[in-house]
Amino acid sequence: GAGVSQSPSNKVTEKGKDVELRCDPISGHTALYWYRQSLGQGLEFLIYFQGNSAPDKSGLPSDRFSAERTGGSVSTLTIQRTQQEDSAVYLCASSPRPGIQYGYTFGSGTRLTVV
Amino acid sequence: AQRVTQPEKLLSVFKGAPVELKCNYSYSGSPELFWYVQYSRQRLQLLLRHISRESIKGFTADLNKGETSFHLKKPFAQEEDSAMYYCALTAGGGFKTIFGAGTRLFVKA
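In order, the protein sequence lines correspond to chains A and B.
Numbered per this note's numbering, the first sequence spans residues 5 to 119.
Numbered per this note's numbering, the second sequence spans residues -19 to 89.
Written out as structure tokens, the structure reads:
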């Protein structure tokens, strides 16, 4: 696609429910990144994909968080048993190859609210 | 450990005044530093990178390794510069980018 597409744009869920957030990167971009944007906390790195593999998962906050990428394209970030502290904007970015020197293109984000 | 510090959460200046958004970093190696900007209701986008030594929309940023800083400057602020600005660092060759907490710039008429 022309840009990085994320869905849904907004998600309200009850505490304890599972949620799936989707990212569709720019066609041909091999690298994909997930960040979490919380008020006053900046952007928190979650995970990075090169193709379908995730060399760096160090940013995932807990084992309730997981992500996968299939076909070197779409990625899904899953949060199980959501907690109120999971409320944030989840941003996805892609780049032609790994490394920010190639420039990140960000999606518009998914605003997750856990009530 | 890598760290990016933006000490100001909010910076308010008058139109036409100079503006400087501060960014300090902590990294033992050779960093790559960037400024990203997010205008109201728009996506986060790259503003400039230190390696390019460019000026974008009148903004410049100089990497000062001695002071471990990468402050963003513009001599004459415009109302359309009002946005959230994030400083970012990645290790050379690394793929994990650390962002600061951001500074909201408000340019008053």
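Quick reminder that beta carbons are idealized off the backbone N, C-alpha and C, glycines included.
Only a predicted model underlies this, so the values are computations on that prediction, with no experimental measurement involved.
Residue i, enclosing beta strand (DSSP E) - first and last residue
i                        : result
cysteine 41 of chain A   : Sequence check: residue 41 of chain A is glutamine here, not cysteine. Unbroken beta strand (DSSP E) run through glutamine 41 of chain A: 35 to 42.
isoleucine 78 of chain B : 77 to 79
threonine 117 of chain A : 114 to 118
isoleucine 31 of chain B : Here isoleucine 31 of chain B belongs to no beta strand (DSSP E), and DSSP marks it neither H nor E.
lysine 15 of chain A     : 14 to 17
tyrosine 7 of chain B    : Taken as a continuous stretch (DSSP letters only), tyrosine 7 of chain B belongs to no beta strand (DSSP E), as it is neither H nor E.
aspartate 22 of chain A  : That residue, aspartate 22 of chain A, is in no beta strand (DSSP E); it is neither H nor E in DSSP.
glutamate 72 of chain A  : 69 to 73
Counterpart residues of residue i in DSSP-defined beta bridges
i                        : result
valine -1 of chain B     : B:Lys54
tyrosine 108 of chain A  : Note: tyrosine 108 of chain A sits in no beta bridge, so no partner.
aspartate 60 of chain A  : A:Tyr52
valine 78 of chain A     : Partner(s): none; valine 78 of chain A has no beta bridge.
glutamine 115 of chain B : There is no way to answer for residue 115 of chain B, as the model of chain B reaches only from -19 to 89.
alanine 41 of chain B    : B:Leu52
lysine 88 of chain B     : B:Phe(-6)
serine 98 of chain A     : A:Leu36, A:Thr109
valine 93 of chain A     : A:Gln41, A:Arg115
glutamine 25 of chain B  : B:Val17
alanine 71 of chain B    : B:Pro11
Exposure label - residue i; buried when at least 16 CB within 10 Å
i                           : result
valine -16 of chain B       : buried
glutamate 12 of chain B     : buried
arginine 85 of chain A      : exposed
phenylalanine 79 of chain B : buried
leucine 27 of chain B       : buried
glutamine 10 of chain A     : buried
isoleucine 31 of chain B    : exposed
phenylalanine 14 of chain B : buried
aspartate 61 of chain B     : buried
8 Å Cβ cut-off: residues of chain A touching residue i
i                     : result
glycine 9 of chain B  : Those within 8 Å of glycine 9 of chain B in chain A number zero; the least Cβ separation is about 15 Å.
leucine 28 of chain B : Near leucine 28 of chain B there are no residues of chain A at all, since even the closest Cβ is about 11 Å away, more than 8 Å.
Spatial neighbours of residue i in its chain, beta-carbon cut-off 7 Å, leaving aside the 5 residues before and after
i                     : result
proline 12 of chain A : Thr114
lysine 61 of chain A  : Ile51
8 Å CB neighbourhood of residue i in its chain, flanking five on each side removed
i                      : result
proline 102 of chain A : Thr34, Ala35, Tyr52, Gln54
proline 55 of chain B  : Pro(-2), Gly38
Cβ-heavy atom distance, residue i to the ligand SAH, below 7 Å
i                           : result
phenylalanine 49 of chain A : Ligands displayed in this structure: none; no statement on the ligand SAH is therefore possible.
Within chain B, the residues that residue i reaches when beta carbons sit closer than 7 Å
i                       : result
glycine 46 of chain A   : Tyr66, Phe79, Gly80, Ala81, Gly82
aspartate 60 of chain A : Phe75, Lys76
glycine 107 of chain A  : Leu26
Contacts of residue i in chain B (Cβ-Cβ under 8 Å)
i                      : result
glycine 111 of chain A : Arg23
proline 102 of chain A : Phe75
leucine 95 of chain A  : Leu24
Own chain partners of residue i with C-beta closer than 6 Å, once the 5 adjacent residues on each side are dropped
i                      : result
arginine 84 of chain B : Leu(-10), Met64
Partner residues on chain B for residue i, Cβ-Cβ distance less than 9 Å
i                           : result
phenylalanine 49 of chain A : Lys76, Thr77, Ile78, Phe79
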